[in-house]
Amino acid sequence: MKLSLRFTSLLAPVFALIVAFGLSTLMLYLIGEDPIETFKIMYDYGKSGKSIVSILNRSVPLYISAVAVAVGFKMGLFNIGVESQYLMGSLLSAALGAAVALPSILHISLIIFVAILSSALWAAIAGYLKVKKGVHEVISTIMLNYIGTGIIAYLLANIFFEKVELSTTAPQTDLLPESARIPSLNAFLGIEDLPNLHGFIIGAVLVGILYYWIVWKTSLGFDLRATGSSPIAAKFSGANPGKLTIFAMMISGGFAGLIGIAPLTGYFFKYTTDFPSGLGFAGITVALLGRNHPIGMAFGAILLSFLERSAQILDLYDVPKEIEKIMQAVIVLSVVVAYEVVKRYVTNRQIKEASKVVSNA
Amino acid sequence: MTLAINLSKISKSFPGVKANDDINLKIKEGTIHAIVGENGAGKSTLMKILYGMLKQDSGTIKIFDNEVKFSSPKDAIAKGIGMVHQHFMLADNLSVLESIILGMDKASLKILNKSKYKYEINEITNKYSMPLNTDSMIDELGVGEKQRVEIIKVLFRGAKILILDEPTAVLVPQEVRELFSNLKNLKESGVTIIFISHKLDEVLEIADEISVMRGGRHIDTVDSNSVSKTELAEMMIGQNLPTPPKREKNPMEKKALVVNNFNAVEENGRKAFSNINFSINQGEIVGIAGVEGNGQRELAEAILGVFQIESGEIFLGENNINELTTRDRREQGLSFIPEDRQSQGLLMDMSLSENVILGKQSSSKYKTKLFNIKFNQASVNSNVVIKNFDVRTPGNETLPLALSGGNQQKFVVGREIENKPSLLIASQPTRGIDIGAQSLIWNKLRDARDEGLGVLLISADLDELIGLSDRIFVIYEGNFVKELDPEDATPEILGSYMTGLKS
C-alpha cells in the first residue's frame, strides 16, 4: 500500500506538468505563435552544454532559498523575509571576507559562518516579535525586508565603500582574495570548453541532506512538523511553541544565509548594487513547486532555471519572453491544484480502507 | 394517525461502506421518535438524507404522504422539516432576535422590520411556552438557552418536524429536564420530533417510539414502554452487554499527585480557579464534575504545565514539579488525554506510527543521543497500541483522519496508557464515541488503576464519573464546592452542586 501511495504522489507533478504544458500551448497559440516551434527552440537552446551549466549554477541559490522557506512552511511559519535575510548575510560576509587574510579552507568557512550567523540573527527578530509581541511573521518579515534593504544600502554606500570624488563606480565591497573563492568543478570533472560549474553545488546537496535530516529524522524536526500539523497537540505534547518559533526562524534564516554563497564566492567575488536579488521570493515559488520536499524542490529549482535560461533565446525569434513568467506561474498553480487533488484521493482511499477494516471486524 | 415521515427502502453507499442499507422507517405525526445506535450505525447519514444534505442512492421519502425529492436543506425546510445540530450555529455578537431571523430575508437594503419579527417570535415562544428574551445577546446565554434559540429558529421557519441531533450531550441534568418539558409541549401542539441520542435512559424517558440502527440497518422500532435499557443496548451492539466489573476501592498509600492551594487567572483577568487542594493516590481514580467553563479545563492544563498558575504547589509523587516544563512533567510520568482528540491529541495528517511518538519525542524512549527519532521503535510501539486497544485500522501507516472517532480515541488513550505513566489526566475520555469503544476505554482505565495508576478524570458524562471514580469533587466557578463518594452520588445530586443550587 505504501508503494502505491508513493506512486500516486508521483502522479501529481506529472499531471501538473501536462496541464501546464497544455495551458502554455493554448496561450502561445492565442498570441499567434507556433507552440511546437517555440517549445522546440526553448528545448534545443536549454539542452546545450553551456545552458546546462548555467541552469545548474542558477539552481544552486534557488534551491537553498527554497529550503530556507520550506523549513518555515513545515512548521506553519511563513518566512517571507528570506530576501533581506540572505542579502544581509551576503553583504556582511562579503565585507568581512575581503578584510581578512586566512588559509583557504578557513577563509571560506569564515565567510559561510558569518553569512549563516548574520542571516539567522536577522530572521530571529521576526521570531522574537511573533513570540513576545504577537506580531504575525508575514507582516514583520515583509517590513524587515524594507528595513533590511535600507540598512544594506546604507552600509554598502557609507561603511564598506570608500567614495572617490567624481568616480562613477557603483558602491561595492572590496574584492574577495583568491583564498576566499570556491573553485569550479570543471577541472575536477574534466569538463572543457564550457563555463564554470560552480563548486558550491556540493554545498546545495549538503543543504538538502541537512534539511531532510533535521525535519524528518530529528526530534526537533518532529516538534516542527507536529506544530505545523496541530499547534495545540504539539504544545500539549511538551513542545514549547515560543522557543520553537524562534528556533525555526533562525534555522530558516541560517539556510537563507547560504543563498548568497555561490554567487559571492563563485562569480561576483564582491557585494555590489547588482548582486543577484529576488532569490528569496523565487524560493517561495520553488518551495511550493517542490511541496517542501528536498528532492521535489531540487526538480523545481532546475525546472525554473531551465525556463529562465531558455527564455533568453525567445527574443531572437520575436516571441515575447514574458511568456516564460506566465508559464512559471501556470506550472506552480497546476502543481498546487494537482497535489490537492491527489491528497484528497489518498485521504479518501485511506478512509475507504479503514472503513473496510471496521466492517469486516 | 397520519405518518409524518415514511421512508422506504432508503440506501446510501459511500466508497467502501454501506451507510444506509434498505431502511424502512415510519414516524407518526405528533410523536417523539428516538433513533438510537452506535457511532457509524448510519443515524446521521439517514438524518442528512432526510434534511436534504445528502441524496439517497435509492428509496423514497414521503412527508405527510407526499413523496418528496430534496436537493438541499432549503427544500426540506420548505416541506416543514427543521434540524437542530449538536454544535450550535450561532454567532456570539448577535442578539437572539437577529440570530433567529438571520438568513431569512433576501439580502436587501430594506430596513429590517424588527418589531414585526419580534411579535411573531413572541407568538411562537408563548404558544410552545419556551420563554426567551429576544433582546439578549447570544454570548450572554447559557447552553440550554442557546439550544432553545436554535429550536425557536427552526420553528420560526415553519417546521412541523423537528430533528434534534444529540440534544442533551451538552446539557446538565437540570437543563435536560427543561428541554424535555419543552419537547413535550411541542408534541402536545402537534410537532413531530426526531430525537437522536446515545443516552438510553433519556430516550426511554422522552420518546414514544424508539428505532434502533446498527451497521447501516434499521434493526427494529419498539414502543418505549415495552422495552428495557438493557434490551435496547443489546439491540444496538448486537450482542449481550458486558457487565462492568464490580468497583472495588483499593487506593495505595503512595501519592501520585498532590495539589496545594492552586490559584490561577485567565488572560482576561477572570479567575480560572482558586484554592484548589486535593491529592490522588496511586491506584485511585479521582473525578471532577463541573459544568463546562467552571475551571476544570484550566486546572487540567495547569497540572500539565501549559496553563500558568498564580500560586500554589504541585507534586508528582514526591517531587515538586512547579518549575518543570510540560516536557519534563511528561518525562517524569505524567500522561494526558485531552478533551478534543482531533485538535489536541493527534496529528491528523501524520501516520499512527508517528502519532505514537507524540508526547515522548524528546524522551529516550524515542530519541537517540544524536537527536534522531527512533522510527522503528515507534512503528513497533504503535502496533502494540493498535493491538492492545483494539484500534480498527488497516495498519500503522494510516492517517488518524481516516479513522472513526472511537478508533482515534482508543489510539490516544492507548498511547498515553502504554507510556506507563504514574499519573494520567483523562479529560472527556469517551466523549462522542460508540459504546464498544467506550466500554473498552473504561476497562482499560480500571485495569491501569488496579495496577497502581493515579487518574484525574474530568468528564461531562456524569454516569461515567460515578461509575469510574473512587472519589468525586464538584467544581463550581473555579472552586471545589463538594467532595462526594460515588456510592452516594447520582447525576441529580451532582447536577445541583454543579449548577450552584446546593453548596
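Protein sequences, first through last, are from chains G and W. Throughout the first sequence, residue numbering follows the working numbering, covering 159 to 519 in sequence. Throughout the second sequence, residue numbering follows the working numbering, covering 2 to 504 in sequence. All C-beta atoms in this analysis are idealised placements derived from N, C-alpha and C, irrespective of residue type, glycine included.
So the beta strand (DSSP E) residue i belongs to, where does it begin and stop?
| i | result |
| --- | --- |
| His34(W) | Ile33 to Val37 |
| Tyr304(G) | Careful: Tyr304(G) lies outside any beta strand (DSSP E), inside the alpha helix (DSSP H) at Glu295 to Tyr312. |
| Ser59(W) | Ser59 to Ile64 |
| Val229(G) | Where Val229(G) is concerned, there is no enclosing beta strand (DSSP E), although the alpha helix (DSSP H) it sits in stretches over Gly207 to Met233. |
| Ala265(W) | Lys256 to Val266 |
| Lys10(W) | Leu4 to Phe15 |
| Asn480(W) | Asn480 to Leu485 |
Would you report the Cα separation of residue i and residue j, rounded to the nearest angstrom?
| i | j | result |
| --- | --- | --- |
| Val69(W) | Ile36(W) | 21 Å |
| Phe89(W) | Phe380(G) | 35 Å |
| Glu141(W) | Leu180(W) | 19 Å |
| Ser513(G) | Glu465(W) | 28 Å |
| Ile101(W) | Ile122(W) | 8 Å |
| Ser354(W) | Thr430(G) | 50 Å |
| Thr394(W) | Val173(W) | 35 Å |
| Pro487(W) | Gly479(W) | 21 Å |
| Thr376(G) | Gly411(G) | 19 Å |
| Phe376(W) | Ala79(W) | 55 Å |
| Met185(G) | Ile489(G) | 13 Å |
| Ser212(W) | His219(W) | 7 Å |
| Asp451(W) | Val493(G) | 54 Å |
If you check the beta carbons only, do residue i and residue j fall under 9 Å apart?
| i | j | result |
| --- | --- | --- |
| Val85(W) | Leu165(W) | yes |
| Thr234(G) | Leu302(G) | Strictly speaking, residue 234(G) in this sequence is Gly, with Thr absent from that position. No. |
| Leu469(W) | Leu485(W) | no |
| Tyr129(W) | Leu156(W) | yes |
| Gly284(W) | Leu454(W) | yes |
| Leu133(W) | Arg149(W) | yes |
| Val444(G) | Ala420(G) | no |
| Leu354(G) | Leu343(G) | Reading off the sequence shown, one finds Asn at residue 354(G), where the question assumed Leu. Yes. |
| Thr431(W) | Asp462(W) | yes |
| Leu98(W) | Asp136(W) | yes |
| Gly313(W) | Asn262(W) | yes |
| Leu424(W) | Gly334(W) | yes |
| Val227(G) | Gly441(G) | yes |
| Gly418(G) | Ser248(G) | yes |
| Val499(G) | Phe173(G) | yes |
| Gly306(G) | Ser242(G) | yes |
| Leu446(G) | Ala178(G) | no |
| Ile24(W) | Leu8(W) | yes |
Since residue i meets chain G, which of its residues come closer than 8 Å, beta carbon to beta carbon?
| i | result |
| --- | --- |
| Leu400(W) | Thr505 and Gln508 |
| Lys368(W) | Ser377 |
Within the same chain, show all residues whose beta-carbon is closer than 7 Å to that of residue i, passing over the 5 residues directly before and after it, in chain order.
| i | result |
| --- | --- |
| Ala170(W) | Gln87 |
| Val177(W) | Thr169 and Glu203 |
| Leu157(G) | What the structure shows of chain G is the stretch from 159 to 519, and residue 157(G) is not part of that stretch, so it cannot be assessed. |
| Ala208(W) | Ile33, His34, Ala35, Phe196 and Ser225 |
| Tyr497(G) | Ala170 and Arg449 |
| Leu260(G) | Leu268 and Ser337 |
Can you pull the chain W neighbours of residue i, defined as C-beta to C-beta under 8 Å?
| i | result |
| --- | --- |
| Glu511(G) | Gly17, Pro395, Thr399 and Ala403 |
| Lys290(G) | Correct list: empty, because the minimum Cβ distance to chain W is about 15 Å. |
| Val515(G) | Arg393, Thr394 and Pro395 |
Against residue i, what residues of chain G qualify as contacts under a CB-to-CB distance less than 7 Å, listed in chain order?
| i | result |
| --- | --- |
| Ile374(W) | Lys375, Thr376, Ser377 and Phe380 |
| Lys119(W) | Residues of chain G passing the Cβ test: none, with the nearest at roughly 41 Å. |
| Thr327(W) | Gly396 |
| Leu359(W) | Ala384, Ala391 and Ser395 |
May I ask which residues mark the beginning and end of the alpha helix (DSSP H) holding residue i?
| i | result |
| --- | --- |
| Arg450(W) | Ile436 to Asp451 |
| Ile360(G) | Ile359 to Tyr370 |
| Tyr52(W) | That residue, Tyr52(W), is in no alpha helix (DSSP H); it is neither H nor E in DSSP. |
| Ser387(G) | Ser377 to Ser387 |
| Lys185(W) | Pro174 to Glu189 |
Near residue i, which residues of its chain fall below 8 Å by C-beta distance, leaving aside the five closest residues on each side in sequence?
| i | result |
| --- | --- |
| Pro74(W) | Tyr52, Gly53, Met54 and Met84 |
| Asn436(W) | Just to set this straight, residue 436(W) is Ile in the shown sequence, not Asn. Contacts found: Glu39, His199, Ala234, Met237 and Ile238. |
Mind listing the chain W neighbours of residue i? Cutoff is C-beta to C-beta under 9 Å, in chain order.
| i | result |
| --- | --- |
| Arg383(G) | Leu348, Met351 and Glu355 |
In chain G, which residues lie less than 9 Å from residue i when you measure between Cβ atoms?
| i | result |
| --- | --- |
| Ile436(W) | Those do not exist, as Ile436(W) stays about 14 Å from chain G at its closest Cβ, beyond 9 Å. |
| Arg331(W) | Ser395 and Gly396 |
Tell me which same chain residues have a C-beta within less than 6 Å of the C-beta of residue i, skipping the five on either side of it?
| i | result |
| --- | --- |
| Lys49(W) | Leu55 |
| Ile476(W) | Ile289, Gly291, Asn295, Gly296 and Gln297 |
| Phe427(G) | Leu333 and Leu334 |
| Ile409(G) | Val229 |
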